[in-house]
Structures are given as C-alpha cells and as structure tokens.
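Step one of this worksheet: look at the structure below.
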Amino acid sequence: MNLVLEDVTKHYGSKLVLDRLSLSISEGSCVALLGPSGCGKTTLLNALAGLTDIDGGKIRSEELTWSAKGYTMVPEERNIGMVFQDFALWPHMNVFENIAFSLRLKKYPAKKIKEQVTEVLEAVQMNGFEKRYPNQLSGGQRQRVAIARALVIHPSIMLMDEPLSSLDAQLREKMRWEIMRIVRGAGITTVYVTHDQAEALSLADHVVLLNQGRIEQADSPTRLYREPATVFAANFLGCPNILRGRVVERCGEHSLVNCQGLNIYTVGKLIPGQEAKVMIRSGDIFINSQSQGPGTLLEAKVLQRSFQGVTWQYKVALENAHDIQLEVWDTQEIEVTESIQLWLPAEGCRVLRDMSDNGEPAVNYRVS
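This is the structure we're talking about:
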C-alpha cells in the first residue's frame, strides 16, 4: 500500500511540531524516520496511525483519505500493525492470547485464529512459546511477540515506534537482523521511528531525517551517510569535520575552497566568491598515502588518539591550527606528537548547505 503525506501540519499549543511535511512512500518499502528528540518523528507516526489529529494538509493511502483538517479516520479502519517502544503486552495473557487478542475482537472463528497465530509465530521463530507469559520471556522474545501481534491481522502497513530502545546493546544488534528478516519477508510497507543512526541505516531502504518538524534530507542509507546535504545532517550522522571557507575557483567537476588559509578541493561545481562549509568525513582521509584523482595534501601533527578496536581515531592539528578528526584501520598506529601528511580526496570533501528558514514549504520527497 502506498502512503502519501501532503503539507501535513501539526501544532501542540503554540509549538509547531510538523511543518507542512510532504512525503510519498511506495508499497513494500521500509522507511526510517530518524532524528533527535522533539523533531516530530513520533508525532508523525501517531498521525499515520490515527492516534493524533493533524491541523492541516492530508494523509492518504492510495485514493483513500486517512487524515485531513477536521477529519481523522479511526485506527482500526486503516489496517495497520503497530509495534510500541515498551511492547505493550498484556501481562495476564500468554503468548497465544496476546497475539490472538485483536482477532478475537473482530470475532474471527477459532480455527482461523489458530491458523493465523501459528503462521506469525513461525515467521518470528517463536513456535512452542504459545503458553508462556510475558514475564517468562526475554526482552528479545517479548519483542518478537509484539511484532507477531502486529503481523497477525495481515496489515497493509507496519508502524514501529523505537522498538529496540529498551533492549541492551547486544540484543539490539541481534534484533536488528531479526526485524529486517521479518519485515522484508512479509513484504509490508513499514515506517520505523528511531533516534539511532546505526538502526536507521542498517534496517531501512530509505531514511527520512527530520529536524524541527521538517524533512532535512530523504535518501538511501548509503547516500545519506556518504553525501549529507546539510550541516545538520552531517552533524547528526557523526561527521566532526566541518570547515568554513570561501570558494576560490571552479575546476571542472570540482571546486577549490579556501578554509582559513588552506585550499581544499571539493566535489561539485561551485560559484567563486560564495561562502562554503566543507565537510570532510573522518574515514575519507588517508595518512601518508595518496589516492588517484584530485585532492589536497596537508601537513598535520597528531594531538590525541583513541583505539576503537578495528580502527584508530586521531585528532590532528592542521597547518592553520584547525583541528580535525580521522579514522583509520588499526594497522596504522601513529604516536601522539608525530608529524604526518594527510591526503583529502576531493570526492570525500563536500560543501553543505544550511536549511533556509524562509517560510517556504518543505520539498515533496518520494521514497520507493
């Protein structure tokens, strides 16, 4: 089922939470809503579920309007499955009863209920747990039961609100793979809310990054990570190196930007004289080696280092005394105070933009 959001707006009192947000989601895709606390992602999910009214715009599925100003279709008519942050399992019901609850409300025949519950228990690999109660299950098992309960109604759309946030780090890692297997196996359009970048990038086909109720960027996980479009996107995705400068000249498909006395080649055709913020991803910097193609060679001195297991992270001072961070494989161990040469390939240096706060509606994004 396709989902379309057109200029969706929501206020809580005087606070604007969703700002004319437009988005199209194609059938069968898994889309992550990513962003910091307060960016509007859970409000948007609740609006999709019919749990929150909207103040303007429209939410529709195919040609059927779900929400508009003054109208909200009730959740049970939307054929959605919902997985909550705290699992929301009935403690006095066993696994079978928890999963069967919604089917019994709809007065399904007992035989049909058993068939559908058995089907989803197999899908989430929880066969044999039918008679156990939630307090007899591990966190990961409770999560699977919550997913099974959402799947049992054969939903057209699955909505998941921070489903891994209450699990420990090791279990979160394992459950990422489980959710990916279950959701993709079912082929259901899925909207997944998270504040965790790794979760969003690993689980989703497309990631929608939200900032103050607007879409900052909507892209594939790889492109969002490698090519963040804005300063906010780069910062949120963990790029520590953003240098201010001014474009000196355009060089074919690349441009030369002067950043506080350092000339750095960047990807993209820029206008000479314009101000620029250059992002240099820490993993795209080479130490004492040079790759093919245009780039920038700089002298630097190691200030600090941190061992990360498979990599070393270094903080270094450039020739203009500006600090940047880089990350290299653990085979490249360098001592603090050591002088090194850095090679910055132009393809790893990108000019970012700031989102304009000019009152214009957000871009209409389509993810498929």
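Numbering (the working numbering), first residue to last: 1 to 368. Every residue, glycine too, gets a C-beta built ideally from N, C-alpha and C.
Any idea what DSSP makes of residue i, helix, strand or coil?
{"i": "residue 41", "result": "helix"}
{"i": "residue 120", "result": "helix"}
{"i": "residue 177", "result": "helix"}
{"i": "residue 133", "result": "coil"}
{"i": "residue 228", "result": "coil"}
{"i": "residue 27", "result": "coil"}
{"i": "residue 325", "result": "strand"}
{"i": "residue 202", "result": "helix"}
{"i": "residue 156", "result": "coil"}
{"i": "residue 52", "result": "coil"}
{"i": "residue 400", "result": "This structure does not reach residue 400, given that the chain is present from 1 up to 368, and the question cannot be answered."}
{"i": "residue 188", "result": "coil"}
{"i": "residue 76", "result": "helix"}
{"i": "residue 271", "result": "coil"}
{"i": "residue 172", "result": "helix"}
{"i": "residue 307", "result": "strand"}
{"i": "residue 88", "result": "coil"}
{"i": "residue 61", "result": "strand"}
{"i": "residue 22", "result": "strand"}
{"i": "residue 217", "result": "strand"}
{"i": "residue 197", "result": "helix"}
{"i": "residue 361", "result": "Below a pLDDT of 50, predicted positions are generally treated as unreliable, and residue 361, at 42, falls in that range; no measurement from the model is reported."}
{"i": "residue 211", "result": "strand"}
{"i": "residue 283", "result": "helix"}
{"i": "residue 299", "result": "strand"}
Taking the alpha carbon of residue i as the reference point, which residue from the options has its own alpha carbon closest?
{"i": "residue 243", "options": "318, 64 and 38", "result": "318"}
{"i": "residue 17", "options": "180, 38 and 163", "result": "38"}
{"i": "residue 130", "options": "94, 255, 65 and 15", "result": "94"}
{"i": "residue 122", "options": "152, 284, 354 and 5", "result": "152"}
{"i": "residue 187", "options": "29, 10 and 6", "result": "29"}
{"i": "residue 5", "options": "52, 66 and 42", "result": "66"}
{"i": "residue 275", "options": "248, 159 and 286", "result": "248"}
{"i": "residue 185", "options": "293, 33, 147 and 218", "result": "147"}
{"i": "residue 170", "options": "140, 293, 195 and 194", "result": "140"}
{"i": "residue 15", "options": "270, 47 and 213", "result": "213"}
{"i": "residue 321", "options": "354, 260, 269 and 142", "result": "260"}
{"i": "residue 80", "options": "255, 258, 245 and 2", "result": "2"}
{"i": "residue 224", "options": "241, 197 and 240", "result": "197"}
{"i": "residue 229", "options": "62, 267 and 26", "result": "267"}
{"i": "residue 211", "options": "21, 26 and 98", "result": "21"}
{"i": "residue 258", "options": "240, 269 and 277", "result": "277"}
{"i": "residue 273", "options": "245, 96 and 49", "result": "245"}
{"i": "residue 286", "options": "345, 27 and 256", "result": "345"}
{"i": "residue 206", "options": "126, 252 and 25", "result": "25"}
{"i": "residue 299", "options": "156, 138 and 316", "result": "316"}
{"i": "residue 183", "options": "54, 167, 138 and 154", "result": "154"}
I'd like the span of the alpha helix (DSSP H) that includes residue i, first residue to last.
{"i": "residue 99", "result": "95-105"}
{"i": "residue 141", "result": "139-151"}
Hey, residue i and residue j are a contact pair by Cβ (cut 8 Å); roughly how many whole angstroms apart?
{"i": "residue 308", "j": "residue 336", "result": "At roughly 16 Å, the Cβ-Cβ gap does not stay under 8 Å, so residue 308 and residue 336 are not in contact."}
{"i": "residue 234", "j": "residue 352", "result": "6 Å"}
{"i": "residue 302", "j": "residue 340", "result": "7 Å"}
{"i": "residue 45", "j": "residue 191", "result": "6 Å"}
{"i": "residue 291", "j": "residue 343", "result": "6 Å"}
{"i": "residue 265", "j": "residue 295", "result": "6 Å"}
{"i": "residue 199", "j": "residue 176", "result": "6 Å"}
{"i": "residue 117", "j": "residue 100", "result": "5 Å"}
{"i": "residue 9", "j": "residue 56", "result": "4 Å"}
{"i": "residue 189", "j": "residue 32", "result": "With a Cβ gap of about 13 Å, residue 189 and residue 32 do not count as contacting."}
Counting C-beta neighbours from all protein chains within 10 Å, is the total for residue i 16 or more, i.e. buried, or is it exposed?
{"i": "residue 110", "result": "exposed"}
{"i": "residue 35", "result": "buried"}
{"i": "residue 348", "result": "buried"}
{"i": "residue 297", "result": "exposed"}
{"i": "residue 216", "result": "buried"}
{"i": "residue 281", "result": "buried"}
{"i": "residue 74", "result": "exposed"}
{"i": "residue 203", "result": "buried"}
{"i": "residue 43", "result": "buried"}
{"i": "residue 104", "result": "exposed"}
{"i": "residue 13", "result": "exposed"}
{"i": "residue 142", "result": "buried"}
{"i": "residue 92", "result": "exposed"}
{"i": "residue 263", "result": "exposed"}
{"i": "residue 49", "result": "buried"}
{"i": "residue 89", "result": "buried"}
{"i": "residue 271", "result": "exposed"}
Would you kindly report the start and end of the unbroken beta strand (DSSP E) that includes residue i?
{"i": "residue 263", "result": "262-267"}
{"i": "residue 371", "result": "For residue 371 there is no data in the structure shown, the boundaries of the chain being 1 and 368."}
{"i": "residue 3", "result": "3-12"}
{"i": "residue 351", "result": "349-352"}
{"i": "residue 80", "result": "80-83"}
{"i": "residue 400", "result": "Past the boundaries of the shown model lies residue 400; the chain is included only from 1 to 368, so the question cannot be answered."}
{"i": "residue 67", "result": "64-68"}
{"i": "residue 258", "result": "254-259"}
{"i": "residue 243", "result": "242-251"}
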